[in-house]
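>
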Ligand SMILES: Cc1ncc(C[n+]2csc(CCOP(=O)(O)OP(=O)(O)O)c2C)c(N)n1
Ligand SMILES: [Mg+2]
């Protein structure tokens, strides 16, 4: 796939209305799957927000609400050979990878049944069995790690690639470009997914980035890139399929920039002075990825309101069960403080 | 004169320094428009403008290096890190550049920069949001490491740090950012950067600590007083250079020493101070020195944090241990 240095500032402004050829419509079965997965993330995050409010989640909690189409769309282009790594806004990616919502919630609430036995928390979960490599709190640091995982895929010739996610803010860290150079030089099978939600904490992309068309950031290293409407799961899926094919064929890395938006604050304590209520409102009401898919499915008769109600109930049950499981699980024994630091020699 | 919290005292000192010296710049992530994660820089952007209060891109190594360059050109940049653990990406610039500029140029260039960060645990935040990395910094030649423990000392020490011609790492105990108020006179008076503060006089033992451990030590000393034990509490405050004279004087008088810090023990500041006592204060010691510290494990999640951090009970136990030696 050639580089598409098409969208620039203007396209950026109408970010979510980039004129794209309408993506191909997948099968009814896949549409339902995409919908369920996005809804699971949405409801799970709402539940996590509630538990946080109740004081059950300690530390930080960065919700993925609004960005669901990105992780779900990308995941649908990956296979079970592929790996995933991301930053601290990671709950969505974990659920999209197929990790157990109960154990994710248990980790959020610091319980022994969590993925890190209650020692990692919201930002630091891993699941080797689905090749999810975290969950990282240092902004941008996961990019070299993902590049290393991709190196291993290549070395082992196992046909896998590594989807390495990072944000618009993270895209300013120097190590991202050190990774780009090496990945391009050594043709490593890594898909860099930039989740451009327009803000790094309280600083808007226009104020932190010299150019906000982040998909072009690999061009100096001859890494092709493209931009996609990250509020449209079908568009993300389609672009991801193309990008993954390119990477898997041994052409080296690819940069996929998803223009997206987080509805909630950066973390749970965000005064939100840096954007207007109207802006958030507009995104929620006019560009919501879940509503968008639902409308398309209704139009096409893939499912009716009755079916959607049923799905919503199923998903709510899963999330309630996750919360119940977490709250019923024990906290780590104090002795856990000293475990898994080094292997005794 | 007004009663300020520690974070307000930091803000007041920053405003004072910017007011009196146009070469003082404030930079970091979200320090401008947003006023900083802990609101330490709130109002500065409005007051001093975007030329002097700079919202940087997310790039700790870069903006630390940028500060070194600015420093070499005679500016006095004050860099904010959002949390202690985010200072690690900047270590190279601090160690290899900031700390060596004076020495490499035989004093023709210097690096009058301040690296500020909220520091330590106790706010129920994970790992890199609750670290105590003072030993890393205090290990670096050519760099000062300063940790205030009250609003007035935060004000005076930060002013001193900004006016100092060399790089200063200024670690602000976030747990007590808003824990209590203290009268702070905004008179522009700095405190010395090489002096420990004797906060409470005592005869029987010396409690050495800094940052958020100071209120705990004062509480422990109060409890001991009820039992008829007279504990001296010394706020070390300037970890590097260390005020060895005050420490040796105090322990010379009491003969017993308990060192309290939040950082893990291995190769930590407590080890340095214990070495000082072994080398230069051995014959005044009536009991082996005891350290009360966290453990050699990563900073845990909230549920294990209380176990991880030193508490008043741990300090009292250590005091009883040194007192048992008659
Ligand atoms: C090295 C480092 N510096 C600063 C932070 C504090 N911090 C956490 S998230 C964040 C903003 C990141 O923005 P972006 O990459 O756009 O991701 P988003 O939060 O929008 O998902 C900052 C500054 C950090 N975690 N790590
Ligand atoms: Mg962002």
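Chains as they are written, first to last, in the working numbering: chain A, 1 to 345; chain B, 1001 to 1326. By construction, the Cβ of each residue, glycine as well, lies at the ideal position given by its N, Cα and C atoms.
Would the stretch 91 to 99 of chain A and the stretch 298 to 317 of chain A be scored as touching if the rule is three or more Cβ pairs under 8 Å?
Result no; under three Cβ-Cβ pairs closer than 8 Å.
> Is the stretch 1070 to 1089 of chain B close to the stretch 1263 to 1274 of chain B, with three or more CB pairs under 8 Å?
Because the criterion of three Cβ pairs below 8 Å is not met, the stretch 1070 to 1089 of chain B and the stretch 1263 to 1274 of chain B do not touch.
> DSSP puts residue 190 of chain A in a beta bridge; with which residues?
In DSSP, residue 190 of chain A forms a bridge with A:162.
> State yes or no: is the C-beta of residue 197 of chain A nearer than 7 Å to some heavy atom of ligand 2?
Yes; taking the cut-off as 7 Å, the Cβ of residue 197 of chain A has a heavy atom of ligand 2 nearer than that.
> Are there any heavy atoms of ligand 1 lying less than 7 Å away from the beta-carbon of residue 200 of chain A, as far as the coordinates show?
True, at least one ligand heavy atom lies under 7 Å from that Cβ.
> Counting along the chain, where does the alpha helix (DSSP H) carrying residue 1193 of chain B start and finish?
Premise fails: residue 1193 of chain B is in no alpha helix (DSSP H) and is neither H nor E.
> Leaving out five residues on either side along the sequence, give the residues of the same chain with a beta carbon under 7 Å from the beta carbon of residue 1194 of chain B.
Within the same chain, residue 1194 of chain B has close Cβ partners 1238, 1241, 1243.
> Name, going along the chain, the residues of the stretch 121 to 142 of chain A whose beta-carbon falls closer than 9 Å to a beta-carbon of chain B.
If the cut-off is 9 Å between Cβ atoms, the stretch 121 to 142 of chain A has 121, 122, 123, 124, 137, 138, 139, 140, 141 near chain B.
> Find the residues of chain A that neighbour residue 1124 of chain B, judging by a C-beta separation of less than 8 Å, and give them in chain order.
Chain A residues near residue 1124 of chain B: 58, 59.
> In chain order, what residues of the same chain lie with their CB nearer than 7 Å to the CB of residue 1075 of chain B, ignoring the 5 residues before and after it?
Here the set comprises 1023, 1025.
> Could you spell out where the alpha helix (DSSP H) holding residue 155 of chain A opens and where it closes?
142 to 156 is the extent of the alpha helix (DSSP H) around residue 155 of chain A.
> Using a Cβ cut-off of 8 Å (strictly closer), state whether residue 172 of chain A contacts chain D.
You won't find chain D in this structure, because its protein chains are A and B.
> Scan the stretch 1228 to 1259 of chain B and note each continuous beta strand (DSSP E) run of 3 residues or more that stays entirely inside, going in chain order.
Segments of the beta strand (DSSP E) lying fully in the stretch 1228 to 1259 of chain B: 1231 to 1235, 1238 to 1240.
> 8 Å is my cut-off, CB to CB: does residue 1261 of chain B come that close to chain A?
Answer no: the Cβ-Cβ gap between residue 1261 of chain B and chain A never drops below 8 Å.
> For chain B, find out if any of its Cβ atoms is closer than 8 Å to the Cβ of residue 165 of chain A; answer yes or no.
Not closer than 8 Å to any Cβ of chain B, the Cβ of residue 165 of chain A fails to qualify, so no.
> When the Cα of residue 101 of chain A is compared with those of A:144, A:131, A:208, A:47, which residue comes out closest?
Nearest option by C-alpha distance: A:47.
> Going along the chain, which residues of the stretch 324 to 342 of chain A sit with their C-beta nearer than 8 Å to a C-beta in chain B?
Cβ contacts with chain B come from 331, 332, 334, 336, 337, 338, 341.
> Taking the continuous alpha helix (DSSP H) assigned at residue 1068 of chain B, which residues delimit it?
Run containing residue 1068 of chain B: 1060 to 1072, per the alpha helix (DSSP H) assignment.
> Start and end of the beta strand (DSSP E) containing residue 175 of chain A?
Per DSSP, residue 175 of chain A belongs to no beta strand (DSSP E); it is in the alpha helix (DSSP H), 174 to 185.
> Of all Cβ atoms in chain B, is any one closer than 8 Å to the Cβ of residue 231 of chain A?
So no, residue 231 of chain A is outside the interface.
> Please list, in chain order, the chain B residues whose beta carbon lies closer than 7 Å to that of residue 274 of chain A.
Ordered by position in chain B, the residues that pass the 7 Å Cβ test against residue 274 of chain A are 1033, 1034.
> Confirm the yes/no value for this check: CB of residue 1398 of chain B, any heavy atom of ligand 1, distance under 7 Å.
Because chain B here runs from 1001 to 1326, residue 1398 of chain B falls outside it and cannot be looked at.
> Would you report the Cα separation of residue 1276 of chain B and residue 1230 of chain B, rounded to the nearest angstrom?
So the alpha carbons of these two residues sit roughly 23 Å apart.
> I'd like to know whether the C-beta of residue 1342 of chain B is nearer than 8 Å to at least one C-beta of chain A.
Nothing in the structure corresponds to residue 1342 of chain B, since chain B is present only between 1001 and 1326.
> Along chain A, in chain order, which residues have C-beta atoms closer than 8 Å to that of residue 1297 of chain B?
337, 338, 341, listed in chain order.
> Taking three-plus beta-carbon pairs below 8 Å as touching, is the stretch 227 to 241 of chain A in contact with the stretch 69 to 84 of chain A?
Yes, since at least three Cβ pairs between the stretch 227 to 241 of chain A and the stretch 69 to 84 of chain A fall closer than 8 Å, the two stretches touch.
> Between residue 1220 of chain B and residue 1319 of chain B, how many whole angstroms is the CB-CB distance? I'm expecting something under 8 Å.
Confirmed, about 7 Å.
> Under the rule that 16 or more other beta-carbon atoms within 10 Å means buried, what is residue 295 of chain A, buried or exposed?
Exposed: under 16 other Cβ atoms inside 10 Å.
> Would DSSP call residue 1291 of chain B helix, strand or coil?
In this structure, residue 1291 of chain B counts as strand in the three-state DSSP scheme.
> According to DSSP, what are the bridge partners of residue 1077 of chain B?
B:1025.
> Please confirm if the stretch 49 to 66 of chain A is in contact with the stretch 310 to 320 of chain A, defined as three or more CB-CB distances below 8 Å between the two stretches.
Cβ pair count under 8 Å is below three, so no.
> Taking its Cβ as the centre, do 16 or more other Cβ atoms sit within 10 Å of residue 1250 of chain B, making it buried, or is it exposed?
By the neighbour-count rule (16 or more Cβ atoms within 10 Å), residue 1250 of chain B is buried.
> Where residue 335 of chain A and residue 1302 of chain B are concerned, what is the direct C-alpha to C-alpha distance, given to the nearest angstrom?
Their Cα atoms are separated by approximately 15 Å.
> Sorry if obvious, but does the Cβ on residue 1060 of chain B come closer than 7 Å to a heavy atom of ligand 1?
It does: the Cβ of residue 1060 of chain B is within 7 Å (strictly closer) of some heavy atom of ligand 1.
> Compare the C-beta of residue 1002 of chain B against all C-beta atoms of chain A and say whether one is closer than 8 Å.
Closer than 8 Å: no.
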